[in-house]
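Asks: This structure is in structure tokens; I'll ask about it shortly.
There are 6 protein chains.
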Amino acid sequence: MPSLIEYTDASPEVLEVYDDIMASRHTDWINNFWKALANDPATLRRTWQSIKQIMAPGALDPLTKELIYLAVSATNQCQYCMASHSASARKKGMTDQMLGELMAVVGMANETNALAAGYQVEVDQQFKFPH
Amino acid sequence: MPSLIEYTDASPEVLEVYDDIMASRHTDWINNFWKALANDPATLRRTWQSIKQIMAPGALDPLTKELIYLAVSATNQCQYCMASHSASARKKGMTDQMLGELMAVVGMANETNALAAGYQVEVDQQFKFPH
Amino acid sequence: MPSLIEYTDASPEVLEVYDDIMASRHTDWINNFWKALANDPATLRRTWQSIKQIMAPGALDPLTKELIYLAVSATNQCQYCMASHSASARKKGMTDQMLGELMAVVGMANETNALAAGYQVEVDQQFKFPH
Amino acid sequence: MPSLIEYTDASPEVLEVYDDIMASRHTDWINNFWKALANDPATLRRTWQSIKQIMAPGALDPLTKELIYLAVSATNQCQYCMASHSASARKKGMTDQMLGELMAVVGMANETNALAAGYQVEVDQQFKFPH
Amino acid sequence: MPSLIEYTDASPEVLEVYDDIMASRHTDWINNFWKALANDPATLRRTWQSIKQIMAPGALDPLTKELIYLAVSATNQCQYCMASHSASARKKGMTDQMLGELMAVVGMANETNALAAGYQVEVDQQFKFPH
Amino acid sequence: MPSLIEYTDASPEVLEVYDDIMASRHTDWINNFWKALANDPATLRRTWQSIKQIMAPGALDPLTKELIYLAVSATNQCQYCMASHSASARKKGMTDQMLGELMAVVGMANETNALAAGYQVEVDQQFKFPH
């Protein structure tokens, strides 16, 4: 697997991103995802800047956005993303009860997604031309 | 594909569920998903009762739960579920701006899920034993 | 999208596969999947020969194999495969009740797959070293 | 990750489910999936009751249902579910040869699902209006 | 579903992206994907700029990048993406034979991905510490 | 999990495949994937012969085919396949920069696949009837 680029070995281009990650998150370490992406500085910078923009408060609050992130990651069976974004969600206020309800919805959605495909259900006219 | 069980053709067991769906949702029609499931009344009842329980207000509000449902459905490419749950989310208050931010997070999560797998990133010790 | 290679336009190499498909299935037409694959005769022949071998009776009977095929296709949201393999399964004896139970299991498996990922459940020692 | 609720630490509500799992399965231990779900007793009970109902003998026998479960779990890359349901399937009579044939079908279905999408194959009229 | 933002109805912010898309692609029309994203101008701009950067010539040529895009889209069963990126790939030189070989690899990879999960294959030491 | 069939324990039928794998790859060992498949010699032989045929030089060169394989495997979160095919790709000339660009495309494709589904984008007429 690709090597992880540690802070002390990082180029100035990578360091700039690392420093912004730590400053934005109020942490003093960089998690492995970014150290792996740092093998490709263009992707490192683009991904970080996109996430920073997307996860900022807006019409949806940051905790809701983390819950959505977890919903996708559980659906995709992404172990790393579940681990890292569970930690982020906890920091932003996710309680045990919220996690329980989130996963109940995620489980049910995955179930009904498969049922809709399995029964070959056609979209209702009412959903096609909503008013 | 399986036939759709219309209200006028439904058995008493199915009618009971149909009536509860319409009463709970304050609507006067049944969408195709339930009409297809009605071919298997046990699954119809179990799925409806589970959804009714899971989507009710709790630690997460009903709109947040619909957003999570949409996040899973977009990830799974489930066209029917996107159509039906977009309508539900709109009824519960989802604005265009919320949809935009939801999809931005969903897109980004799918991207980083693939990146984490592609770079074979190992889970950080800090995420394994959080304190 | 790629054109469909009709029987009357097929090369001898493709015709040989078409004839074997119709003979093996006791039908007088070729469905679109094979007409599309015929754009790449090597894939057409390899895929047909593999399916013919795999779906033959063995330790599992042909109907069970079709049910498994449908389980995968519903999970992957493959509309074409649901349509074509539902027809195959019907021909091999799948009843409405079987379809209902099949989809109930498929739905539940997709739900618990997501829950296992969402709760980051570690594999029990008892499952690692079975006796 | 969420803590696992051990039997000795479980609430009466959780204990009731644990006892039913062990009684139904004729085992003396609870696997990690349920210990994780026990963080959310409502999901624990609902999921267990659904699985118990769905996996019971019906038009499909319990072993066939386990094979279908495995087909979905392999498709979704769910390591935990493969481990736990392989054990269940073995207990219900799955032989090495059955596993081999199951996986051959699962592999082929995943292959042809991708081919159908890749070639953008349209559903045949014969599959839309079967008689 | 969200409305499509036509060129004549677009805000200056959206127009700027539309113009850049048409100029970069040497076309005189905007496809629906971008018209849908235009409901959320921030996502429209970020997505376009990322794609423009990522799909540019580099260590991999643009055609190879389109083939990779198609491989992902077929795996995810994304009909829209197959349609749009097939057209892009054709413009960049994809022949029928290339498409055939691409799909053969995509099909095989999806098959062996499922087999590796189904057989619960552990990563070889040789792959963990390559030299 | 299924046992791994070592070279010294293999039947003549399995040995023949093992020898062909090592000869074709110029290696002196068999990786776990094949040792697991060897539990089902028919699948072992069919899968190996298909891969050997598919991954051979053609309209696409062997390195491009490995990149496509990795794109699918990252999308499916297949850890084993990422590990084994990363090694294959390296042997065939994949550089760090190529891996970086490959993963950037894979990430972007997974993002836009989800966006296309989330926005329920309909296929443009121009893509349906290309000229």
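In order, the protein sequence lines correspond to chains A, B, C, D, E and F. Going by the working numbering, the first sequence runs without a break in its numbering and finishes at 199. Going by the working numbering, the second sequence runs without a break in its numbering and finishes at 199. Going by the working numbering, the third sequence runs without a break in its numbering and finishes at 199. Going by the working numbering, the fourth sequence runs without a break in its numbering and finishes at 199. Going by the working numbering, the fifth sequence runs without a break in its numbering and finishes at 199. Going by the working numbering, the sixth sequence runs without a break in its numbering and finishes at 199. Even glycine gets a Cβ: it sits at the ideal position worked out from N, Cα and C.
(1) Quick check on this structure: which residue in T163/C, S92/C, V174/C has the alpha carbon closest to the alpha carbon of A124/C?
(2) Secondary structure at A127/F, three-state DSSP: helix, strand or coil?
(3) Do the segment 135 to 149 of chain F and the segment 140 to 155 of chain C make contact, defined as three or more Cβ pairs closer than 8 Å?
(4) Would L158/A pass as an interface residue toward chain E - the criterion being a Cβ-Cβ separation below 8 Å?
(5) Buried or exposed, going by whether 16 or more other CB atoms sit within 10 Å of the CB of P80/C?
(6) Once you ignore the five residues that flank M90/B on each side, which residues in its own chain have a CB closer than 8 Å to its CB?
(7) Which residue's Cα is closest to the Cα of A164/B: Q121/E, P130/E, A104/E?
(8) For the candidate residues V173/F, R114/F, Q194/F, whose alpha-carbon lies nearest to that of A182/B?
(9) Residues in its own chain within less than 7 Å of L170/D by CB, not counting five upstream and five downstream?
(10) How would you list, in chain order, the residues of chain B whose beta-carbon sits under 8 Å from the beta-carbon of T143/E?
(11) Taking C-beta pairs closer than 7 Å, name the residues in chain E that L183/D reaches, listed in chain order.
(12) I'd like to know whether the C-beta of R113/B is nearer than 8 Å to at least one C-beta of chain D.
(13) Below 8 Å between beta carbons: does that hold for G168/C and L131/C?
(14) Should D77/E go down as buried or exposed, given a rule of 16 or more other Cβ atoms within 10 Å for buried?
(15) Quick one: using the 10 Å Cβ neighbour count with 16 as the cut-off for buried, is K196/B buried or exposed?
(16) What whole-angstrom Cβ distance do A127/E and M166/F have, given they're in contact under 8 Å?
(17) Per DSSP, what kind of secondary structure is M162/B in: helix, strand or coil?
(18) For E84/E and H94/A, I'd like the C-alpha separation in whole angstroms.
(19) Does any CB atom of chain F fall closer than 8 Å to the CB of A151/B?
(20) Within the 8 Å Cβ cut-off, does I96/B reach chain C?
(21) By a C-beta neighbour count over all protein chains shown, 10 Å radius and 16 as the cutoff for buried, is D87/E buried or exposed?
(22) Considering only their Cβ atoms, is the gap separating G175/F from E179/B smaller than 8 Å?
(23) Using a C-beta cutoff of 8 Å, does D88/F count as contacting chain E?
(24) Residues of the segment 104 to 129 of chain B in Cβ contact with chain C at a cutoff of 7 Å, in chain order, please.
(25) Sorted by chain position, which residues of the same chain lie with C-beta nearer than 7 Å to L72/D's C-beta, five sequence neighbours on each side aside?
(26) Using a Cβ cut-off of 7 Å, pull out every chain C residue sitting near Y187/A, in sequence order please.
(27) Which residue wins for smallest C-alpha separation from K212/F, given the options R114/C, S152/C, K120/C?
(28) If the cut is a Cβ gap below 8 Å, which residues of chain F does N178/B touch?
(29) Compute the beta-carbon to beta-carbon distance between V82/B and A106/B, rounded to the nearest angstrom, for a pair I have assumed lies under 8 Å.
(30) In terms of alpha-carbon separation, which member of A151/B, Q117/B, L112/B lies closest to V16/F?
(31) Please go through the segment 102 to 126 of chain F and give each complete alpha helix (DSSP H) segment of 4 or more residues, from N-terminal end onward.
(32) Show which residues of chain A have a CB atom less than 8 Å away from the CB atom of Q147/C.
(33) Taking the alpha-carbon positions, what's the M69/F to A184/C distance?
(34) Between the C-alpha atoms of Q117/E and V191/A, what's the straight-line distance to the nearest angstrom?
Replies: In terms of the structure at hand:
(1) S92/C
(2) coil
(3) no
(4) Per the sequence shown, residue 158/A should be read as Arg rather than Leu. Not one chain E Cβ lies under 8 Å of R158/A.
(5) exposed
(6) D96, W97, I98
(7) Looking at the sequence shown, residue 164/B is not Ala but Asp. Residue A104/E is the option with its Cα nearest to D164/B.
(8) V173/F
(9) L135, L138, A139
(10) Going along chain B, no residue has its Cβ under 8 Å from T143/E, so there is no contact; the nearest lies around 10 Å.
(11) M171, G175
(12) no
(13) no
(14) exposed
(15) exposed
(16) 5 Å
(17) coil
(18) 36 Å
(19) yes
(20) The sequence given here has Asp at residue 96/B, not Ile. By this cut-off, D96/B is not an interface position.
(21) exposed
(22) yes
(23) no
(24) N107, D108, T111
(25) N100, K103, A104
(26) M171
(27) With chain F represented from 69 up to 199, any question about residue 212/F goes unanswered, as that position is not in the structure.
(28) N178, E179, N181, A182
(29) 5 Å
(30) The requested residue 16/F does not occur in the structure, where chain F is confined to residues 69 to 199.
(31) 109 to 122
(32) A185, Q188
(33) 18 Å
(34) 33 Å
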